[in-house]
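What follows is one structure encoded as structure tokens, with my remarks underneath.
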Amino acid sequence: MDKSFLPSEKNGFYFKNISLLKEKGNLELVKKLDGIPFPKNVEIIKTKAGVPTLRVKKGSGQQVLLHSAYDPFREAKNFIRGYDLEDTLFLIVVGFGLGYHVKEIIDNYPWIKLVIVIEPQPSFFKLALSLLDLSPLFSSPRVKLIVEDSPLNIKGKLLPVGETFLTGKTSIVFHNPSFNLLDKRGDEVKKSIHDTIFWSRTNLTTNIAKGGTFQRNILTNIPQVISNPGIKNLFGKFKNKPAICVAAGPSLNKNVHLLKEVENKALIICVDAALRTLLEHQIEPHIVVSIDYGVGVRNLFDGVMERTENLFLAADPEVYPDVLSDFKGKKFIINIHKPIARWLNNFVEDKGFLEKGASVAHTAFSLARALGADPIILTGQDLCYPGGFTHAEGALPRKRIAIGIDKRTGRKYLLIRSNDGKWIGRDLVMVKDIYGRDIPTTMDMYSYLVYFERIISLTKAKCIDATEGGAKIEGTEIMTLREVIDKYCQEEFEVREILEEASRIREKVNLEELKEEMEKVIRRLKEINFYAGEGQKVIRRLQRELRQRYSNHQELKNLARESNQLEEKIMKVESYIRSFLEDEMYSHLYLAQRKANLRLDKLSKRKKLFNQVEKVGIFYDGVKKGTEKLINNFELSFAALCKLYS
């Protein structure tokens, strides 16, 4: 072993690297590294090139050389050349080692905009800090570090940047020697990365398709938001009391009848799709949770809305408006982190925020957690389709399912029978059920499973899966509902009294200021709409000029200047109004970002200009359409508000 590379020699690299990590805001990482010892199963070797490499002894006795014993830099160059990164704009590197391959990427692949380095072995990363000056990597704005040994934590750190991956080509590089050290955990790390990208794609698709609908619903629901109490009035009110979150999965048929026993011994929170099933069994849940934006969610209440008088609804401002207006019982409003909801907080006291997740079941779980419930019990939460059905008996969305096989390729797919009797094919993914068997589910349900595992990993309360079937949810204890009731639901407490007391509280509202502000927003949106229309005309003239064989350069400059002035006027709008607009024109911004993320260095000067003009044109189109929708929605909301409080 070469002693000159040992951390005990205090070569100063560790402190320099740590200081730079602190400077770059990686304080959580620095704190974590401080409590981690250096690995003991490592031999530090001086290579022929004069830099260190590591020989690691695995538990099996196998020895792994992390980098070449001769020239790690040349090895890194050859290693990276083995990947096709020609059009890659975003790169995930799994395994840091001593960072030679990461340095090769930063030095020689300038078109890659973001390099996320995942090191699942923090002790090895700490050793790397003590052996080399890594400041060229840590100081680069293109490098983001994720040093986590838990696949769930890796997923949690990746999610905030997940949608970025989808605006350009993303590649994944596995540093094989580092990855080899993970053994079985390597598959879990790989799965967490692919899960994140899948989840981000699902979320992006929803935002592109429905961003405008979300804002329209919020504006329509403003009178209901003002008139009803916030969910925060329930926070902590059920501390250390059992809460049962009821979803509408097929397995609910097995144990729904048992819920009759716990009406005053546990808080029963059900999702909207499960309400009909519970009522058919003469079980009144305490809280019904509803958050979906489409008309289909109102249909879930058909035939039972008249029976909601004694129930409590928890809904957010994005929910389909008829759900809030038609519900007969008391209502609690959930705040959300959306631009219009944040703007509304300036005039209406905050109602209390919940992490709504990707499904109503996630919101129900978040509600139980915010209320202080412990344990939190899941039932009907299959996240797959056991028994050949999508939902429990009595639930309106209940449909038959089957597994189809493509005769040519042998690939399996899921078949769901629609209301008109047709079978619709869906891609499927195999997951483990609670018994360890492979079971098929849809990609949507799989994304819900991924999210459930994330929020459960962040929950201090005991989480119990009493579904008695369905997909295995990591982080939960598996029990039957009978066992749960016998162990945790024996003491009565005043559930309804707690809910009634909270429902009598009202948050403050400054109605006149709100109405004045709405009028101001409408005026500003009309101004922006005008500028966008003028911008569209300029872009059309620019495109016509560029198509000419010999363009008039002075005319191009004049038009470009005019476009810049119009764009500047649009961008000067108040930041909160701009955020409304960005939500409304999500698809246009995404398309413009895709244009920006092309490898422009590969295009001719003329094609670069075409690309730039097209990108600005997409922006103007989005602003024009977005402002038209927002103006209409704000005007309707303003009229409804005036009518209600006239």
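Residues in the sequence shown are numbered from 11 upward in steps of one, following my numbering. The beta carbon of each residue, even a glycine, is placed where N, CA and C say it ideally should be.
Counted within 10 angstroms of its Cβ, other Cβ atoms place residue i as buried (16 or more) or exposed
| i | result |
| --- | --- |
| Y655 | exposed |
| T419 | exposed |
| I415 | exposed |
| L424 | buried |
| I515 | exposed |
| S300 | buried |
| F503 | exposed |
| V153 | buried |
| L268 | buried |
| Q683 | Look at the range of the chain in this structure, 11 to 656, and you will see that residue 683 is not part of it. |
| G479 | buried |
| K417 | exposed |
| K634 | buried |
| E594 | buried |
| F48 | exposed |
| D326 | buried |
| N118 | exposed |
| R226 | buried |
| F25 | exposed |
| E319 | exposed |
| I90 | buried |
| Y461 | buried |
| M489 | buried |
| A542 | buried |
| Q73 | exposed |
| H347 | exposed |
| G446 | exposed |
| L5 | Nothing in the structure corresponds to residue 5, since the chain is present only between 11 and 656. |
Endpoints, the alpha helix (DSSP H) within which residue i is located
| i | result |
| --- | --- |
| R533 | L521 to R557 |
| I279 | Here I279 belongs to no alpha helix (DSSP H); instead the beta strand (DSSP E) covers L277 to V281. |
| V153 | Premise fails: V153 lies in the beta strand (DSSP E), V153 to V157, not in any alpha helix (DSSP H). |
| D593 | S585 to E594 |
| K165 | P161 to L168 |
| L3 | Only positions 11 to 656 of the chain appear in this structure, which leaves residue 3 out of reach. |
| P47 | Element bounds for P47: n/a, residue is neither H nor E. |
| H372 | V370 to A380 |
| Q292 | From DSSP, Q292 is part of no alpha helix (DSSP H); its letter is neither H nor E. |
| K482 | No alpha helix (DSSP H) holds K482; DSSP gives it neither H nor E. |
| S335 | P331 to D336 |
| K87 | P82 to R91 |
| L147 | S145 to F148 |
| K264 | L262 to N265 |
Residue i - partner residues in DSSP beta bridges
| i | result |
| --- | --- |
| T180 | F100 |
| M440 | P450 |
| L124 | F100 |
| E53 | R65 |
| K341 | L323 |
| F363 | N345 |
| R427 | W433 |
| D475 | L388 and I488 |
| K579 | Answer is none; K579 lacks a bridge partner. |
| E129 | V157 |
| K422 | I415 |
| V358 | V519 |
Rounded distance between the beta-carbons of residue j and residue i, thought under 8 Å
| i | j | result |
| --- | --- | --- |
| S376 | I465 | 7 Å |
| K165 | D205 | 6 Å |
| N562 | E572 | Not confirmed; about 14 Å, so no contact. |
| F23 | S140 | 6 Å |
| V256 | G390 | 5 Å |
| E403 | N263 | 5 Å |
| G109 | A138 | 6 Å |
Range of the contiguous beta strand (DSSP E) that encloses residue i
| i | result |
| --- | --- |
| D302 | Where D302 is concerned, there is no enclosing beta strand (DSSP E), given that its DSSP letter is neither H nor E. |
| V74 | Q73 to L75 |
| T389 | I386 to T389 |
| Y110 | Element bounds for Y110: not the beta strand (DSSP E) but the alpha helix (DSSP H), Y110 to N118. |
Min CB distance residue i to chain B below 9 Å
| i | result |
| --- | --- |
| E592 | This model lacks chain B altogether; it includes just one protein chain. |
Contiguous beta strand (DSSP E) assignments of at least 3 residues, all confined to the region 391-416: 411-415
Ranges of the alpha helix (DSSP H) found wholly within the region 191-260, counting only runs of at least 4: 195-230 and 232-237
Complete runs of the alpha helix (DSSP H) confined to the region 493-523 [at least 4 residues]: Correct list: 505-513.
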